[in-house]
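Protein chains in written order, with this note's numbering: chain Y, 225 to 480; chain C, 6 to 128. C-beta atoms are modelled at their ideal positions from N, C-alpha and C, and glycine is treated no differently.
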Ligand code: SF4
Ligand code: SF4
Ligand code: SF4
């Protein structure tokens, strides 16, 4: 139904066209990240048999449903573990893991830490939505609002700092709006000899759904446009997102 | 004699300089003609926008972030009940590809059609 045979989309050859439109909400940032990732794959002239994409659960877990690549949709929290073992058994593979909060920071953070410490060359693309989406929009360890419905008063977890202290060779943070820079970062991350992490702060439709004020993702995109500052090589200690007054993005660690 | 020689050598130098200048400028000119960057400065290539309306979910990223206001939301609905973008004035499109990169549903992309004509104007 959605095929266009005369003029295919540039990345249609890597997509399962029959599965599109996807399950994601209108304007979800995950689709933009997938689009950027597939275009970057075209740029590095990689052998597509030597690429494996691993995903976990939740909205990001659905990414593997739409790719015509070697894919594995792992169980809850085991995405990084699976990717690490895959890479250690098959060193010639280029393993890319799409993660969300539930996949590592909440349930199995030690796999991420071990992969970083042992310098396993997997590429982590971490899509940060700030909330649990499936289980009734609860606050996460990375939720930036200090006061929420369930009166969470924790400070948000600083993912780039964790990645750097584990020994990642490449750490960057972007939003889907900075799409060209995100693509360059992915290109760098895919070619690193060690552990590399790219955090993408993604607009999610469900932020304010519990208040009954369901807005549009375009409002969130405009928020990112107004409230992000690009600061390359910023010390990773300063990268907390607190109270959402200013989000620092850029490339923070690049060890070749 | 010495004066003549020096004059001659100066003349020779000059002719060599002129020749060199000509050769260099010729090479530069050829390079300039082949460089697409300058072509684009003289005339922006125009193209065509492809929209698969059944894929679209009406998020509006393409309409909002198009730098030259080529697109607008339609008043019709597609099969799933979303408004999809339509092309308002294709002549303004500069083929930056931002709509393609920002679309989460792979529903819109530009292609070049009149690029050859744009190059003909130069030649
Ligand atoms: S709930 Fe949020 S992350 Fe999940 S598909 Fe919708 S917009 Fe995307
Ligand atoms: S290619 Fe650029 S100028 Fe043309 S419609 Fe898309 S965003 Fe607008
Ligand atoms: S960005 Fe894509 S999904 Fe959103 S309105 Fe434009 S064509 Fe539709």
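Per-residue DSSP class, three states only, for residue i
i                     : result
residue 261 (chain Y) : helix
residue 404 (chain Y) : helix
residue 247 (chain Y) : coil
residue 120 (chain C) : Caution applies to residue 120 (chain C), whose pLDDT of 48 falls short of 50 and renders its modelled position unreliable; the model cannot decide the point.
residue 276 (chain Y) : strand
residue 420 (chain Y) : strand
residue 111 (chain C) : coil
residue 469 (chain Y) : coil
residue 384 (chain Y) : helix
residue 89 (chain C)  : coil
residue 306 (chain Y) : helix
residue 104 (chain C) : helix
residue 479 (chain Y) : coil
residue 390 (chain Y) : helix
residue 20 (chain C)  : helix
residue 336 (chain Y) : helix
residue 295 (chain Y) : strand
residue 363 (chain Y) : strand
residue 396 (chain Y) : strand
residue 352 (chain Y) : strand
residue 95 (chain C)  : helix
Contact set for residue i: own chain, Cβ-Cβ below 6 angstroms, skip 5 residues either direction
i                     : result
residue 421 (chain Y) : 348, 387, 392, 395
residue 474 (chain Y) : 454, 455, 456
residue 29 (chain C)  : none
residue 309 (chain Y) : none
residue 128 (chain C) : Note that residue 128 (chain C) has pLDDT 35, beneath the 50 cutoff, so the model's placement of it is unreliable and no number is given.
residue 429 (chain Y) : 249, 441
residue 322 (chain Y) : 279, 284, 287, 349
Proximity below 8 angstroms, CB of residue i to CB of residue j
i                     : j                     : result
residue 442 (chain Y) : residue 251 (chain Y) : yes
residue 351 (chain Y) : residue 260 (chain Y) : no
residue 296 (chain Y) : residue 284 (chain Y) : no
residue 448 (chain Y) : residue 425 (chain Y) : yes
residue 111 (chain C) : residue 414 (chain Y) : no
residue 262 (chain Y) : residue 275 (chain Y) : no
residue 282 (chain Y) : residue 326 (chain Y) : yes
residue 98 (chain C)  : residue 69 (chain C)  : no
residue 301 (chain Y) : residue 279 (chain Y) : no
residue 419 (chain Y) : residue 329 (chain Y) : no
residue 406 (chain Y) : residue 398 (chain Y) : yes
residue 379 (chain Y) : residue 464 (chain Y) : yes
residue 264 (chain Y) : residue 384 (chain Y) : no
residue 253 (chain Y) : residue 365 (chain Y) : no
residue 115 (chain C) : residue 54 (chain C)  : yes
residue 354 (chain Y) : residue 368 (chain Y) : yes
7 angstroms Cβ shell around residue i - same chain, five flanking residues per side excluded
i                     : result
residue 67 (chain C)  : 76, 90, 104, 107, 108, 113
residue 343 (chain Y) : 391, 418, 419
residue 94 (chain C)  : 75
residue 232 (chain Y) : none
residue 6 (chain C)   : Only weak support is given to the placement of residue 6 (chain C): the predicted model assigns it a pLDDT of 47, under 50, and the question is left unresolved by the model.
residue 26 (chain C)  : none
Residue burial classification, residue i (beta-carbon count within 10 angstroms, cutoff 16)
i                     : result
residue 19 (chain C)  : exposed
residue 439 (chain Y) : exposed
residue 117 (chain C) : exposed
residue 243 (chain Y) : exposed
residue 65 (chain C)  : buried
residue 401 (chain Y) : buried
residue 316 (chain Y) : exposed
residue 4 (chain C)   : The shown model of chain C, from 6 to 128, leaves out residue 4 (chain C), and the question about it has no answer.
residue 454 (chain Y) : exposed
residue 86 (chain C)  : exposed
residue 462 (chain Y) : exposed
residue 423 (chain Y) : buried
residue 122 (chain C) : In this predicted model, residue 122 (chain C) has a pLDDT of only 47, less than 50, meaning its place in the structure is not dependable enough to derive any value.
residue 237 (chain Y) : exposed
residue 171 (chain Y) : A query on residue 171 (chain Y) cannot be resolved here, the shown segment of chain Y reaching from 225 to 480 and no further.
residue 2 (chain C)   : The shown model of chain C, from 6 to 128, leaves out residue 2 (chain C), and the question about it has no answer.
residue 62 (chain C)  : buried
residue 31 (chain C)  : exposed
residue 311 (chain Y) : buried
residue 324 (chain Y) : buried
Chain-order list of residues whose beta-carbon lies under 8 angstroms from that of residue i (same chain, five-residue window excluded)
i                     : result
residue 271 (chain Y) : none
residue 290 (chain Y) : 239, 240, 243, 244, 246, 258
residue 59 (chain C)  : 83, 84, 85
residue 318 (chain Y) : 270, 274, 275, 276, 347, 414
residue 450 (chain Y) : none
residue 268 (chain Y) : 411, 414, 415
residue 466 (chain Y) : 368, 370, 379, 380
Exercise. Can at least three beta-carbon pairs, one atom from the region 326-338 of chain Y and one from the region 292-307 of chain Y, be found at a separation below 8 angstroms?
Worked result: yes
For this session: Pull every residue with its beta-carbon under 6 angstroms away from any heavy atom of ligand 4, and keep them in chain order.
Result: The model depicted lacks ligand 4 and carries ligand 1, ligand 2 and ligand 3 instead.
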